[in-house]
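Residue numbers (the working numbering), protein chains in the order written: chain D, 274 to 372; chain C, 274 to 372.
Notes for the one structure printed next.
The following block contains the structure:
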């Protein structure tokens, strides 16, 4: 994943917040905007990409879609989980839009 | 979207059910399996693709990931919605795995 790209990290806010963030990047001169999400936010990431392309910026295309898995250990879950080395996997997506 | 492909349509069942469906297709000789999902099931589709690749079939690669929008009119919502032509958009994903 390229680090110097304009990135929009998708969370729990309404879809249009992230759509606006993407549009702001493009209006600021960005050639590429990367939409990143994990877990249940992934479907919202696709909503954002589709709304940006179809409703606001028809000249924006999908350059690439990558999926992957992030592994992390739940360290902040309280003492009853201490000593367990349970690794949790969460799926990720990165949608790169370009114009 | 190619129609003659082996397709696994992701719904609300546990992830491993769909993983097993993919593996069954590949073990039956399929060269490609298409994982399709809409809306909130999209994150599960990515889970399925990641589990198939990383845990069960390491020689399987992602051939393509496509996203899109399905439009439908809520016709089955009862009489109070009759006469409205509200079109609902739902995001879709299609992950094509190949070996």
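The C-beta atom is built at its ideal place from N, Cα and C for all residues, glycine as well.
At 7 Å on the CB atoms, spell out the chain C contacts of residue i, in chain order.
i: residue 319(D); result: 315, 340, 364 and 366
i: residue 327(D); result: 342
Using the Cα positions of residue i and residue j, report the straight-line distance between them to the nearest angstrom.
i: residue 299(D); j: residue 324(D); result: 14 Å
i: residue 363(D); j: residue 280(C); result: 23 Å
i: residue 368(C); j: residue 330(C); result: 15 Å
i: residue 341(C); j: residue 287(C); result: 24 Å
i: residue 302(D); j: residue 301(C); result: 50 Å
i: residue 276(D); j: residue 344(C); result: Since pLDDT at residue 276(D) reaches only 48, below the 50 mark, its modelled position is unreliable, and the value read off the structure follows with that caveat. Each residue's Cα considered, the two are about 35 Å apart.
i: residue 361(C); j: residue 304(D); result: 30 Å
i: residue 365(D); j: residue 372(D); result: 23 Å
i: residue 319(C); j: residue 332(D); result: 27 Å
i: residue 326(D); j: residue 283(D); result: 17 Å
i: residue 314(D); j: residue 339(C); result: 17 Å
i: residue 306(C); j: residue 307(D); result: 27 Å
i: residue 310(D); j: residue 322(D); result: 12 Å
i: residue 359(D); j: residue 346(D); result: 6 Å
What residues are listed by DSSP as bridge partners for residue i?
i: residue 316(D); result: Its beta-bridge partners do not exist; DSSP assigns none.
i: residue 344(C); result: 362(C)
i: residue 290(D); result: Residue 290(D) is not bridged to any residue.
i: residue 296(D); result: Answer by DSSP bridge pairing: none, since residue 296(D) is not bridged.
i: residue 332(D); result: DSSP output for residue 332(D) lists no bridge partner at all.
i: residue 311(D); result: 365(D)
i: residue 306(C); result: 279(C) and 370(C)
i: residue 339(C); result: 367(C)
Just to make sure I have the definition right: I need the residues of chain D whose C-beta is within less than 8 Å of the C-beta of residue i. Which are they?
i: residue 312(C); result: 316
Using the beta-carbon of each residue, which ones in chain D are nearer than 7 Å to residue i?
i: residue 322(C); result: 340
query = Okay, do the region 286–295 of chain C and the region 291–307 of chain D touch, 3+ Cβ pairs below 8 Å being the bar?
reply = A contact between stretches requires three or more CB pairs, one per stretch, nearer than 8 Å, and the region 286–295 of chain C fails this requirement with the region 291–307 of chain D.
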